[in-house]
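Here is the structure we will look at.
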Amino acid sequence: PGRATARGILAAPLAGGRLCFAGEACHSSLAATLGGAWETGEAAAAHAIRSLRDKEPQPLTPALAWRYAAPATDAPPLTGTTDER
Numbered sequence: 001p002g003r004a005t006a007r008g009i010l011a012a013p014l015a016g017g018r019l020c021f022a023g024e025a026c027h028s029s030l031a032a033t034l035g036g037a038w039e040t041g042e043a044a045a046a047h048a049i050r051s052l053r054d055k056e057p058q059p060l061t062p063a064l065a066w067r068y069a070a071p072a073t074d075a076p077p078l079t080g081t082t083d084e085r
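In UniProt numbering, the protein residues as written are 1 to 85.
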């Protein structure tokens, strides 16, 4: 109880969206798991790529939400696999 709020605070980007955190402790439902670390890492990496491409960084999306959004480019997935685990 009460840890979901702390995870949200820990995962919140800083410096106008230019500094993001990832790791199992940042995941809202997969804390203390490799899957949680992996998914938040992918989400933070996707956010960093979008921020470098765009003039203004966009808000960090929740873990995995970016996978289901319309792709901004025809680039392959970051993982190079279609495995959604």
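Where a beta carbon is used, it is the ideal one built from N, C-alpha and C, also for glycine. None of these values were measured; they are calculated from a predicted model.
Distance, residue j Cα to residue i Cα
i, j, result
"A12", "L30", "16 angstroms"
"L14", "W38", "20 angstroms"
"R7", "G23", "10 angstroms"
"G41", "H27", "10 angstroms"
Beta-carbon proximity list for residue i, same chain, < 7 angstroms, skipping 5 on both sides
i, result
"A48", "C20"
Residue i - DSSP class collapsed to helix/strand/coil
i, result
"D83", "In this prediction, D83 has a pLDDT of 49, which is less than 50 and means its spatial position is unreliable; what the coordinates show is noted afterwards. Coil, per DSSP."
"L19", "strand"
"S14", "Looking at the sequence itself, residue 14 is Leu, so the reference to Ser does not match. The answer is strand: DSSP assigns L14 an E or B state."
"T5", "helix"
"S51", "helix"
"L34", "helix"
Residue i at chain C interface by Cβ criterion, 9 angstroms
i, result
"G41", "In the structure shown, chain C does not exist; there is a single protein chain."
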